[in-house]
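Visitor: Here's a structure for you.
In this note's numbering, the protein residues as written are 25 to 93.
What follows is the structure, encoded as structure tokens:
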């Protein structure tokens, strides 16, 4: 069993392919603030992002819930 993940850069590319103007930094900040439920960020003691993981399945679900068809 594996959990498919993306980097913030890959997630930004995926969202841009759907027409969302977004950067990897915005994704990281959105995850930290709880605005994006499809990932997790690990912070260092100074509050900087050390690592950010985006869960592919949750990202695709989030996209599909917002797509206009």
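Note that the Cβ used here is the ideal one computed from N, Cα and C, for glycine as well.
Compute the beta-carbon to beta-carbon distance between residue 64 and residue 55, rounded to the nearest angstrom, for a pair I have assumed lies under 8 Å.
Guide: The Cβ separation is near 7 Å, so the contact holds.
Visitor: Using the three-state DSSP reduction, which class does residue 59 fall into: helix, strand or coil?
Guide: Three-state DSSP puts residue 59 in coil, outside helix and strand.
Visitor: Can you tell me whether residue 91 is buried or exposed? The criterion is at least 16 other CB atoms within 10 Å of its CB, across all chains shown.
Guide: Counting Cβ neighbours within 10 Å, residue 91 comes out exposed, since fewer than 16 surround it.
Visitor: Can you say whether residue 27 is buried or exposed, counting buried as having 16 or more other CB atoms within 10 angstroms of its CB?
Guide: Flag for residue 27 reads exposed.
Visitor: I need the boundaries of the alpha helix (DSSP H) containing residue 81, first residue and last residue.
Guide: Note, residue 81: alpha helix (DSSP H), 80-90.
Visitor: Under three-state DSSP, which class holds residue 72?
Guide: Residue 72 falls in the coil class under three-state DSSP.
Visitor: Do residue 36 and residue 83 count as a contact pair if the criterion is CB distance below 8 Å?
Guide: Not in contact: residue 83 and residue 36 (Cβ atoms no closer than 8 Å).
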